[in-house]
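Numbering (the working numbering), first residue to last: 3 to 504.
C-beta: ideal position from N, C-alpha, C; glycine also.
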Ligand code: NAD
């Protein structure tokens, strides 16, 4: 269902091009805790609008890249008062459209300031510049912005994930078109409108809409010179196919199927179990680097299951705005039915499937995409619940016999985003970590906060290409240019060299 007009007092994720809102058709955005409730409307950006946004971004590029890093950071900082005034509204709206509990939405909505401050402090106007003069002359190497950049965003942590690409792209002098996810576009679009207001017109443009329409138009355009994408593996692959045509850079933060490898000496106490439960079930399991598989020494399996299940049983599932909820609903119908199908397949294959936790409002359970946490054991390693990314509150726990086998199982999927090692001996854990195929390995933790902007973040294998955080993402937003003025280029003297082969 789409509308051509929106009701006036509801939040709208608008098409914003060159500082101007363009009217179009809209689709309703529903509350995943009560699907009859329309929270707001999402503009259905058209390919024409995408091209218009790229045109404005191109027009704004020359002046924007002339500013220094410090000046661009200062302009971004000018958005802080509005961001702070609207924090509560944006966080509440995010929970109503996304489903997650309120503290997670606050953490997500505070993303812009945290990320701007980090990058503003990380670099100065000399970033990436190297000059040298020697007996042969002068060489300057500098980093230049790639040009119009597409930032394509998923629905699980929309504000933080958009900003972890958007801010480095802007601060290094690129102009940007952002494509929010149609499943959680409202709080992000509100945030982007505040940031855009602080910047020269056309530097930051937003085209919400469907992935296969607005998203595809963006990735297929020659006008886009860099794609910073966070989302699923299949869409990442589509971007790479489009990039083969355009010969263009991309940074891809894709799906994860993270293992937690529990070593024989791991301490099983309340705090370890609490930490693991958070690592699995935060955001109802819908975080790229949640724990998605757990491997436990066979001799400790019964003990582990008992303690882990007891810890997970404290989870209370309900509306993310209800202060008693510790887990909200899944975000959308597709996601909920995918996770249910995986659970059904596990039951059919003879696995032991145990629902844990409690329903806060059983009477309204069916009105949202609610699901209790589930712990699955007695499941084969090649089952789809183990091999694919479930992205839901369901975790398989598998036994292993030797450390080598445990490591092989942890490495035994096509993903390689993050992993964790649980042990009483952190040094031994770090050594095991070196054998894991994952972009990040954590010891005795594995949840939001385990990675931060001082650590490169990204995936090995099908979990992605490139890294966010640190200066690595700045390098992905720019390319090197070498300028030289050399009087002596005699290293290639020309035809005389042939004498050496005669
Ligand atoms: P998705 O790939 O379905 O969608 C992501 C974005 O791409 C959305 O804005 C969508 O509209 C757009 N899109 C869809 N089809 C497109 C196309 N053909 N061309 C261009 N754009 C298109 O992912 P999702 O369901 O929103 O998010 C969940 C996935 O994201 C999970 O796999 C999760 O692991 C991954 N993720 C990864 C990270 C990370 O940092 N590695 C972080 C968060 C989420």
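Exercise. Under 6 Å from any heavy atom of the ligand NAD, does the C-beta of residue 223 make it?
Worked result: Along the chain shown, read from residue 1 onward, the residue named residue 223 stands at position 221. No, Cβ of residue 223 sits at least 6 Å from all heavy atoms of the ligand NAD.
Exercise. Would you report the Cα separation of residue 302 and residue 270, rounded to the nearest angstrom?
Worked result: In the chain shown, counting from the first residue as 1, residue 302 sits at position 300. In the chain shown, counting from the first residue as 1, residue 270 sits at position 268. If you take the alpha carbons of residue 302 and residue 270, they lie about 10 Å apart.
Exercise. Would the region 73-89 and the region 107-126 be scored as touching if the rule is three or more Cβ pairs under 8 Å?
Worked result: Touching, yes, given that three or more Cβ pairs across the two stretches are closer than 8 Å.
Problem set entry | Residue interval of the beta strand (DSSP E) (run including residue 55) | By one-based count along the chain shown, residue 55 stands at place 53. Per DSSP, residue 55 belongs to no beta strand (DSSP E); it is in the alpha helix (DSSP H), 49-68.
Exercise. Cβ-heavy atom distance between residue 107 and the ligand NAD below 6 Å?
Worked result: Along the chain shown, read from residue 1 onward, the residue named residue 107 stands at position 105. No, since every heavy atom of the ligand NAD falls outside the 6 Å radius drawn around the Cβ of residue 107.
For this session: Go ahead and label residue 497 buried or exposed: buried means 16 or more other beta carbons lie within 10 angstroms of its beta carbon, across all protein chains shown.
Result: Translated into the one-based positions of the chain shown, residue 497 becomes position 495. Label assigned to residue 497: exposed.
Exercise. With which residues is residue 147 paired in a DSSP beta bridge?
Worked result: One-based indexing of the chain shown puts residue 147 at position 145. According to DSSP, residue 147 shares a beta bridge with 480.
Exercise. Straight-line CA distance for residue 161 to residue 255?
Worked result: As a working note, residue 161 is residue 159 in the chain shown. As a working note, residue 255 is residue 253 in the chain shown. Their Cα atoms are separated by approximately 15 Å.
Exercise. Is residue 418 near residue 461, with beta carbons less than 7 Å apart?
Worked result: For this step, residue 418 is matched to residue 416 along the chain shown. For this step, residue 461 is matched to residue 459 along the chain shown. In contact: residue 418 and residue 461 (Cβ atoms closer than 7 Å).
Exercise. Pick from 200, 397, 239, 182: whose alpha carbon is nearest that of residue 216?
Worked result: Locating residue 216 in the chain shown gives position 214, where the first residue counts as 1. For the residues 200, 397, 239, 182, the minimum Cα distance to residue 216 belongs to 182.
Exercise. Is residue 243 near the ligand NAD, going by C-beta to nearest heavy atom under 6 Å?
Worked result: Walking along the chain shown from the start, residue 243 turns up at place 241. Checking the Cβ of residue 243 against the ligand NAD gives no.
Exercise. Using a threshold of 6 Å, is the CB atom of residue 215 nearer than that to any non-hydrogen atom of the ligand NAD?
Worked result: Translated into positions along the chain shown, residue 215 becomes position 213. Outside the cutoff, so no.
For this session: Please look up how many angstroms separate the CB atoms of residue 150 and residue 227, rounded, as I've assumed it's under 8 Å.
Result: Here residue 150 is taken as the residue at index 148 of the chain shown, counted from 1. Here residue 227 is taken as the residue at index 225 of the chain shown, counted from 1. With 8 Å as the limit, residue 150 and residue 227 qualify as a contact, their Cβ atoms being about 6 Å apart.
Problem set entry | Completely contained beta strand (DSSP E) runs for the region 250-298, where each covers 3 or more residues | 251-255, 260-264
Exercise. In whole angstroms, what separates the C-alpha of residue 92 from that of residue 174?
Worked result: In the chain shown, residue 92 corresponds to position 90, counting from 1. In the chain shown, residue 174 corresponds to position 172, counting from 1. The straight-line gap from Cα to Cα measures roughly 27 Å.
Exercise. Where are the alpha helix (DSSP H) runs, 4 residues long or more, that stay fully inside the region 319-352, in chain order?
Worked result: Counting whole runs of 4 or more residues, the region 319-352 contains the alpha helix (DSSP H) stretches 335-350.
For this session: Tell me whether residue 442 counts as near the ligand NAD, meaning its Cβ is closer than 6 Å to at least one heavy atom of that ligand.
Result: To locate residue 442, count along the chain shown from 1; it is residue 440. No.
Exercise. Since residue 324 and residue 362 are thought to touch, with beta carbons under 8 Å apart, how far apart are those beta carbons, to the nearest angstrom?
Worked result: As a working note, residue 324 is residue 322 in the chain shown. As a working note, residue 362 is residue 360 in the chain shown. Yes, they are in contact, since the Cβ atoms of residue 324 and residue 362 sit about 6 Å apart, within 8 Å.
Exercise. In whole angstroms, what is the alpha-carbon distance linking residue 72 and residue 123?
Worked result: Within the chain shown, the letter at position 70 stands for residue 72. Within the chain shown, the letter at position 121 stands for residue 123. Roughly 9 Å between the two C-alpha positions.
Exercise. Leaving out the 5 sequence neighbours to the left and right, which residues in its chain are closer than 7 Å to residue 56 when beta-carbon positions are compared?
Worked result: Taking the first residue of the chain shown as position 1, residue 56 is located at position 54. Counting only Cβ-Cβ distances below 7 Å, and skipping sequence neighbours, we find 150, 179, 223, 225, 226.
For this session: Return yes when at least one heavy atom of the ligand NAD lies under 6 Å from the C-beta of residue 379, else no.
Result: As a first step, residue 379 must be located in the chain shown, where it is residue number 377. Not under cutoff, so the answer is no.
Problem set entry | Buried or exposed by the 16-neighbour rule on C-beta atoms within 10 Å, applied to residue 191 | Looking up residue 191 in the chain shown gives position 189. Per the 10 Å Cβ criterion, buried.
For this session: Measure the CB-CB distance between residue 155 and residue 296 and report whether it falls below 7 Å.
Result: The count along the chain shown starts at 1 and reaches residue 155 at position 153. The count along the chain shown starts at 1 and reaches residue 296 at position 294. Contact: no.
For this session: Tell whether a beta-carbon distance below 7 Å holds between residue 220 and residue 152.
Result: If you number the chain shown from 1, residue 220 lands on position 218. If you number the chain shown from 1, residue 152 lands on position 150. Yes, the pair counts as a contact, with Cβ atoms nearer than the cut-off.
Exercise. Can you tell me the Cα-Cα spacing of residue 212 and residue 45, whole angstroms?
Worked result: Taking the chain shown and counting its residues from 1, the one referred to as residue 212 is at position 210. Taking the chain shown and counting its residues from 1, the one referred to as residue 45 is at position 43. Note on geometry: alpha-carbon atoms of residue 212 and residue 45 lie some 9 Å from one another.
For this session: Name the residue from 229, 206, 367 whose alpha carbon lies nearest to the alpha carbon of residue 60.
Result: As a position in the chain shown, residue 60 is number 58, starting the count at 1. Among 229, 206, 367, the Cα nearest to that of residue 60 belongs to 206.
Problem set entry | CA-to-CA distance, residue 209 to residue 199, given in whole angstroms | Locating residue 199 in the chain shown gives position 197, counting from the first residue. Locating residue 209 in the chain shown gives position 207, counting from the first residue. Each residue's Cα considered, the two are about 16 Å apart.
Exercise. What is the DSSP secondary structure of residue 133, reduced to helix, strand or coil?
Worked result: In the chain shown, residue 133 corresponds to position 131, counting from 1. Three-state DSSP puts residue 133 in a strand.
Problem set entry | Terminal residues of the alpha helix (DSSP H) in which residue 2 lies | In the structure as shown, the chain begins at 3 and stops at 504. Residue 2 is therefore absent and cannot be evaluated.
For this session: With DSSP as the reference, please indicate the residues paired to residue 417 in a beta bridge.
Result: By 1-based counting over the chain shown, the position of residue 417 is 415. Answer is 463, bridged to residue 417.
Exercise. Mind checking residue 354: buried by the 16 CB within 10 Å criterion, or exposed?
Worked result: Position 352 of the chain shown holds residue 354. Answer is exposed; the Cβ neighbour count stays below 16.
Exercise. Is the beta carbon of residue 482 less than 7 Å from the beta carbon of residue 229?
Worked result: Position 480 of the chain shown, counted from the start, is the residue given in the question as residue 482. Position 227 of the chain shown, counted from the start, is the residue given in the question as residue 229. Result no, Cβ atoms of residue 482 and residue 229 do not sit closer than 7 Å.
Exercise. Within the present structure, is the beta-carbon of residue 155 separated from the nearest heavy atom of the ligand NAD by less than 6 Å?
Worked result: Counting from one through the chain shown, the residue named residue 155 turns up at place 153. Flag set: Cβ of residue 155 near the ligand NAD.
Exercise. Does the region 382-398 come within contact of the region 257-268, defined as at least 3 CB pairs closer than 8 Å?
Worked result: yes
For this session: Could you spell out the range, first to last residue, of the alpha helix (DSSP H) harbouring residue 36?
Result: Against the chain shown, residue 36 aligns to sequence position 34. Here residue 36 belongs to no alpha helix (DSSP H); instead the beta strand (DSSP E) covers 36-45.
For this session: Go ahead and pull the three-state DSSP assignment for residue 233.
Result: On the chain shown, position 231 is the one that residue 233 refers to. Coil at residue 233, not helix or strand.
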